[in-house]
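**Q** One structure coming up, written as structure tokens, with questions to follow.
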Ligand SMILES: Nc1ncnc2c1ncn2[C@@H]1O[C@H](COP(=O)(O)OP(=O)(O)OP(=O)(O)O)[C@@H](O)[C@H]1O
Ligand SMILES: Nc1ncnc2c1ncn2[C@@H]1O[C@H](COP(=O)(O)OP(=O)(O)OP(=O)(O)O)[C@@H](O)[C@H]1O
Ligand SMILES: [Mg+2]
Ligand SMILES: [Mg+2]
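Chains as they are written, first to last, in my numbering: chain A, 1181 to 1459; chain B, 26 to 254; chain C, 26 to 254; chain D, 337 to 566; chain E, 337 to 566.
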């Protein structure tokens, strides 16, 4: 069972109404709601970090994994205390509009382009290290490509690459699916199509997919993850203290080390590279 | 108990199925409502019971326009048996305060259904359920009792029982009883007065002997020729 | 048409509500099934109609165990009116091939319901719908006709009409008709033979005059004393 | 919040009157898929429901429990089963139905049929004895008896259909999985709503939801008028 | 594919007998949330359904259409409305209910109540006239008449409840949105299934689905036994 990779927390199985929440949330031993993108959860990173964080800080984490747009919206609405997302443009808007305090870059990984094993667009064979070029090859061949089409961080990245390649993708070969990463990967496998994915999700699903990586480590495929604390001035009862502790812990030596090592034992390589450069 | 109908009319679509200009019913009397099929007997009883509202006119109980639930008991032409025991069916409308159980059993005894007390009421035969429905109605001892063809499915022995029970109830409770029937003989046996409906109008009214033996209305006269042919 | 019951018994729970060792019904005859409430009249008719299966014994129609749909017509004690017009109700079981419309109208005429042809059948009064149900059954002109209390809700004029219609049907179609009734007089008027049920057993059988005027069974004798009191 | 709701009302209105091609395409597909799945499920559900409900046989209790259980079949599970069948590697993979509207219809039929069946079974319970006794007495054949019973129970049966329709039109898990929510191809109202929600575009999602509800209201209104007519 | 289904059967079995704490936690929460939402919706739905169904008044047709329309309320839309109310900025934000099981219950009640109401309305239609005439004739009060009517229509009413249960237990859009699918806190069977599906872990998803169905079957079986008893 997949749901078994987490132990040692205090399960709350009864419906609770949390009386006097603000009092509870402002002390330690409180609850901290983190809105993340689904890719962070699906990679297994949060489940891996959560018990250590809770043990060290005594704060209980509520992790709500949502589409990037929805996660940011959850922050705007004050329903989360801190965000862990990867959509630069939206993040900057979030901060500049006063909804978030500050973008704190903690880690990155690379998006990869995956496709059928026979690589009909010949991306792998060309040896290119440029995603825009790869996209051009796909569109020239009209090889099937599945876009997430959900305005997620990954989708935004993909659209940017099309733009930089000066292509407006359209036609039967370009499928806009409107689904999450895992679903889109399955779909790409099913339809033997190309798609852009974060590497972590791909690796976690690799065994079930009939796909291969056709392009990785391209400089234009960098995927930056950012932590942003929600601005406590905008809403009553934001657990800003807890948010700060979360940021502190994630960017602590221990936190960064754990992030940097994550995935090594399972996939033989780390899924994220830390690039915290100080607050 | 005084019951008064004033200019009452009931229409279905553009057909007037009942039209009664003025009619009063007195205390401690048994009235038989006679008339052919579709003449408005059921409609009359349902109007009085308050199940249906008249389109015109008013029905006054002791001068009031609304009948109180505790004043009236009505047995429909097709009584509905609740899916519980016979006894529970009889207890249904009864006051908690009274000696319910005993009274219910007595009422069932009166209609010869005491032996079926514990039977599921919906499994009864036609005549059996009609008799239970009668017991269920009369056990309430209301001041105004409306019975729509209370013995139509009863055998001849039960019919005699039912008639005796109706008479007894009237005497015991001092109630006004209106019952509809297709049997002129039954009216002769137990009614103090007959109301004869024809196409929604009261065409005869008086003692059973007078109405049934020498009706003034020619249609009623012809109709009654079918009696005991 | 030959109808034969052999060792037929029907139980509900541990109660035997019908037990008939041997009984035959002949062609072109009208049988009245009499008996008090709960004596098993409805059960008998339902068994013959094939609505219910006997727990023991067999029912043979012309030597076959299964009755064919085209052979039999049965009118339940509480007939169900379909939520369509009266005419459609009558047309329901009829053969497409025949001159349905005219025959249906004639049947309605026979029960005095032709004027209601276009009425929604579920809005009819008790007696009206019973008469439609009878027309709906007899219009089929089946060889075996079962009528469960066909005139219990009918007024005295309609009862006479219904009785005439039943007699006419028997003569016209050469059918065997069984009807149940609570009226010994009705049996006298139209039946060729009476079957008297008492607690699920046939206790009397013979011509109406014989059974009703001089029953051998003492219980039946006592029971019939309530007749025309 | 109320401002937000008002805003989405306005958005819905604008979406509709702007004759946005996409929205009409989505509405069209939604109607087609729903109509097809309701049509098929109505046939399966009404027929089996009226049949099972009016008959007694050994194992009926078990069957009833199974059908009632399937009323709560999670759409995603239904979707998965269909997915596994239609998948390239699956037994019906060669039909290439995955990620087509047809696949969505199949999944919905699996979800909705048990609902209509279960509700129909209960619906005919109150009248089937009277109707069957009378029909049998008139020598009416099985099929016609069956149809008469359905006719006499039309109110609760139509209600069962409407419940099925409600499920079909609001369901998302299965159609998302086997349809793929592909723009211009398998995107229906509900998957579009989920998509907008995932983007955090709650206003758009609400607007789409409102349009869907208005559509449903129209259909319900017509059905009700029709039901009164017969 | 069949191998896959067999495998998930095995997985489901192993999950259950391994006494995996997480799965029992999820099952427990699912049952609690469903029980609470069904309890509340049953009260609202049966009461209003029996009431509306047995009465005639001006605007009943409109109301019926509205209720029938709400039977098809997309869960995500219901979830959004609840979200907007419970959000910190929303009118009930101070209650801090978002991302709690309570929020899930509220959303489900909004989804299920109209279903139970709509089906109950149709259920009482066939008997209410006879029951009311008889009750009225016996001078039985309104409340008791109401209860008797419900009792006499118990089969279709229980079926309506089961349909509501089915929706509650299979619904995912709303509970995902307002519950957040937080592990150890608001994760229920359906959201867990969606989670596994999103990861491509179809076997796990099927296993969870099977467990849910077995649970539902048990509940249906008990309800049916109980119904026969009364
Ligand atoms: N709801 C209705 N809509 C239309 N017509 C109706 C309705 N109810 C009764 N009628 C008609 O009104 C007339 C009177 O009906 P009512 O039931 O009062 O007759 P009745 O005297 O009780 O007859 P019966 O002896 O057959 O019971 C009948 O012709 C009947 O068809
Ligand atoms: N389904 C059933 N379960 C249990 N008992 C039943 C069932 N049906 C009928 N009975 C009983 O069987 C007996 C015979 O019923 P039946 O309906 O044949 O009587 P009947 O002679 O037609 O009476 P009535 O003159 O009242 O119509 C009755 O006492 C009745 O209570
Ligand atoms: Mg009448
Ligand atoms: Mg009988």
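Glycine included, every Cβ here is placed at the ideal spot set by N, Cα and C.
Say whether chain E places a C-beta atom closer than 8 angstroms to the C-beta of residue 437(D).
**A** Position 101 of the fourth chain, counted from the start, is the residue given in the question as residue 437(D). Not one chain E Cβ lies under 8 angstroms of residue 437(D).
**Q** Kindly list, in the order they appear in chain D, the residues whose Cβ is closer than 7 angstroms to that of residue 560(E).
**A** Indexing the fifth chain from 1 puts residue 560(E) at position 224. 397, 400, 401, listed in chain order.
**Q** Use the C-beta contact count for residue 1411(A): other C-beta atoms within 10 angstroms, 16 or more gives buried, fewer gives exposed.
**A** As a first step, residue 1411(A) is located in the first chain; it is residue number 231 there, counting from the start. The residue in question, residue 1411(A), is buried, as its Cβ has 16 or more Cβ neighbours within 10 Å.
**Q** Quick one: which residues of the stretch 139-163 of chain B get their C-beta closer than 9 angstroms to a C-beta of chain E? List them in chain order.
**A** Under the 9 angstroms Cβ criterion, the stretch 139-163 of chain B contributes 158, 161, 162.
**Q** Indicate whether at least one CB of chain C lies closer than 8 angstroms to the CB of residue 418(D).
**A** Taking the first residue of the fourth chain as 1, we reach residue 418(D) at position 82. No, residue 418(D) lies away from the interface with chain C (no Cβ there is under 8 angstroms from its Cβ).
**Q** When you compare each of 61(B), 165(B), 160(B), 200(B) to residue 248(B) by their alpha carbons, which one comes out closest?
**A** Here residue 248(B) is taken as the residue at index 223 of the second chain, counted from 1. Ranking the options by Cα distance to residue 248(B), first place goes to 61(B).
**Q** Check the Cβ of residue 491(D) against every Cβ in chain A and list those closer than 7 angstroms, keeping chain order.
**A** For this step, residue 491(D) is matched to residue 155 along the fourth chain. Under the 7 angstroms cutoff, chain A gives no residues; its nearest Cβ is about 37 angstroms from residue 491(D).
**Q** Take residue 1441(A) as the anchor and find which of 1431(A), 1429(A), 1454(A) has the nearest alpha-carbon.
**A** In the first chain, the residue the question calls residue 1441(A) occupies position 261. When each option's Cα is compared against that of residue 1441(A), the closest is 1454(A).
**Q** Tell me, please, whether the CB atom of residue 539(D) is closer than 8 angstroms to any CB atom in chain A?
**A** Looking up residue 539(D) in the fourth chain gives position 203. It does not: the Cβ of residue 539(D) has no partner Cβ on chain A nearer than 8 angstroms.
**Q** So, does the stretch 1346-1356 of chain A touch the stretch 1309-1329 of chain A, judging by three or more C-beta pairs under 8 angstroms?
**A** As far as the Cβ criterion goes, the stretch 1346-1356 of chain A touches the stretch 1309-1329 of chain A, which means the pair count is three or higher.
**Q** Among 435(E), 405(E), 408(E), which one has its Cα closest to the Cα of residue 575(E)?
**A** Outside the displayed span of chain E (337 to 566) sits residue 575(E), for which this structure offers no information.
**Q** Could you check if residue 39(C) is buried or exposed, using at least 16 other CB atoms within 10 Å of its CB as the buried criterion?
**A** Here residue 39(C) is taken as the residue at index 14 of the third chain, counted from 1. Exposed, since its Cβ has fewer than 16 Cβ neighbours within 10 Å.
**Q** Hey, residue 43(C) and residue 65(C): beta-carbon distance below 8 angstroms or not?
**A** Indexing the third chain from 1 puts residue 43(C) at position 18. Indexing the third chain from 1 puts residue 65(C) at position 40. Yes. Within cutoff.
**Q** DSSP three-state label for residue 218(B), please.
**A** Looking up residue 218(B) in the second chain gives position 193. If DSSP states are grouped into helix, strand and coil, residue 218(B) belongs with the strands.
**Q** Could you compute how far the alpha carbon of residue 126(C) sits from the alpha carbon of residue 136(C)?
**A** Counted from its first residue, the third chain places residue 126(C) at position 101. Counted from its first residue, the third chain places residue 136(C) at position 111. In a straight line, the C-alpha of residue 126(C) is about 16 angstroms away from that of residue 136(C).
**Q** At which residue ranges does the stretch 406-486 of chain D contain complete alpha helix (DSSP H) runs of 4 or more residues, listed in the order of the chain?
**A** Counting whole runs of 4 or more residues, the stretch 406-486 of chain D contains the alpha helix (DSSP H) stretches 411-422, 437-461, 464-473.
**Q** Taking residue 182(B) as the query, report the chain C residues whose CB atoms sit under 7 angstroms from its CB, ordered along the chain.
**A** On the second chain, residue 182(B) is found 157 positions in, with the first residue counted as 1. Neighbours of residue 182(B) on chain C, chain order: 61, 248, 251.
**Q** Go through the stretch 147-204 of chain B residue by residue and report every complete run of the alpha helix (DSSP H) that reaches 4 residues or more, in order.
**A** Qualifying alpha helix (DSSP H) stretches, in chain order: 151-163, 181-198.
**Q** Say yes only if the C-beta of residue 103(B) is nearer than 7 angstroms to one or more non-hydrogen atoms of ligand 3, and no if none qualify.
**A** Residue mapping note: residue 103(B) aligns to position 78 of the second chain, counting from 1. No, Cβ of residue 103(B) sits at least 7 angstroms from all heavy atoms of ligand 3.
**Q** By how many angstroms is the C-alpha of residue 1334(A) removed from the C-alpha of residue 1290(A)?
**A** Working through the first chain from its first residue, we reach residue 1290(A) at position 110. Working through the first chain from its first residue, we reach residue 1334(A) at position 154. Cα to Cα, the separation comes out at about 11 angstroms.
**Q** I want to check one thing, is the minimum distance from the CB of residue 188(C) to the heavy atoms of ligand 1 below 7 angstroms?
**A** Numbered from its first residue, the third chain carries residue 188(C) at position 163. No, Cβ of residue 188(C) sits at least 7 angstroms from all heavy atoms of ligand 1.
**Q** Under 8 angstroms between the Cβ atoms of residue 221(B) and residue 243(B)?
**A** Along the second chain, read from residue 1 onward, the residue named residue 221(B) stands at position 196. Along the second chain, read from residue 1 onward, the residue named residue 243(B) stands at position 218. Not closer than 8 angstroms, so no.
**Q** Is the CB of residue 472(E) under 8 angstroms away from at least one CB in chain B?
**A** The count along the fifth chain starts at 1 and reaches residue 472(E) at position 136. It does: the Cβ of residue 472(E) has a partner Cβ on chain B nearer than 8 angstroms.
**Q** Considering only the alpha carbon of each residue, which of 529(D), 523(D), 564(D), 456(D) lies closest to residue 500(D)?
**A** Here residue 500(D) corresponds to residue number 164 of the fourth chain, with the count starting at 1. Looking at the Cα atoms, 456(D) is the closest of the given residues.
**Q** Please report how far the alpha carbon of residue 1206(A) lies from the alpha carbon of residue 1212(A), in whole angstroms.
**A** Here residue 1206(A) is taken as the residue at index 26 of the first chain, counted from 1. Here residue 1212(A) is taken as the residue at index 32 of the first chain, counted from 1. Since pLDDT at residue 1206(A) reaches only 42, below the 50 mark, its modelled position is unreliable, and no value is offered.
**Q** What's the gap between the Cα of residue 238(C) and the Cα of residue 215(C)?
**A** As a first step, residue 238(C) is located in the third chain; it is residue number 213 there, counting from the start. As a first step, residue 215(C) is located in the third chain; it is residue number 190 there, counting from the start. In a straight line, the C-alpha of residue 238(C) is about 15 angstroms away from that of residue 215(C).
**Q** Based on the DSSP output, what are the partners of residue 68(B) in its beta bridges?
**A** Here residue 68(B) is taken as the residue at index 43 of the second chain, counted from 1. Answer is none; residue 68(B) lacks a bridge partner.
**Q** Should residue 517(E) be flagged as near chain D, meaning a C-beta pair shorter than 8 angstroms?
**A** Numbered from its first residue, the fifth chain carries residue 517(E) at position 181. It does not; no Cβ of chain D falls within 8 angstroms.
**Q** Using a beta-carbon distance cut-off of less than 8 angstroms, what residues from the stretch 1353-1368 of chain A approach chain D?
**A** So the list reads 1355, 1356, 1357, 1358, 1359, 1360, 1363, 1367, given in the order they occur along the chain.
**Q** Suppose contacts are defined by Cβ-Cβ distances below 8 angstroms. Is residue 1395(A) in contact with residue 1365(A) by that definition?
**A** Residue mapping note: residue 1395(A) aligns to position 215 of the first chain, counting from 1. Residue mapping note: residue 1365(A) aligns to position 185 of the first chain, counting from 1. No; because the gap between Cβ atoms is not below 8 angstroms, this pair is not in contact.
**Q** Please confirm whether residue 467(E) has its beta-carbon closer than 8 angstroms to some beta-carbon of chain B.
**A** For this step, residue 467(E) is matched to residue 131 along the fifth chain. For residue 467(E), the answer is yes, since a Cβ of chain B falls inside 8 angstroms of its Cβ.
**Q** State yes or no: is the beta carbon of residue 1378(A) nearer than 8 angstroms to at least one beta carbon in chain E?
**A** Position 198 of the first chain holds residue 1378(A). Not closer than 8 angstroms to any Cβ of chain E, the Cβ of residue 1378(A) fails to qualify, so no.
**Q** Whole-angstrom Cβ separation of residue 201(C) and residue 26(C), contact assumed at under 8 angstroms?
**A** Residue 201(C) sits at position 176 when you count from the first residue of the third chain. Residue 26(C) sits at position 1 when you count from the first residue of the third chain. The pair is a contact, with the Cβ atoms about 5 angstroms apart (cut-off 8 angstroms).
**Q** Residue 600(D) and residue 101(C): beta carbons closer than 8 angstroms?
**A** The question about residue 600(D) has no answer, for chain D in this structure spans 337 to 566.
**Q** If residue 560(E) sits next to residue 481(D), beta carbons under 8 angstroms apart, how far is it from one beta carbon to the other, in whole angstroms?
**A** Mapped onto the fifth chain, residue 560(E) falls at position 224. Mapped onto the fourth chain, residue 481(D) falls at position 145. Not really, about 26 angstroms apart at Cβ, beyond 8 angstroms.
**Q** Could you tell me the distance, in whole angstroms, from the CA atom of residue 236(B) to the CA atom of residue 226(B)?
**A** As a position in the second chain, residue 236(B) is number 211, starting the count at 1. As a position in the second chain, residue 226(B) is number 201, starting the count at 1. Each residue's Cα considered, the two are about 15 angstroms apart.
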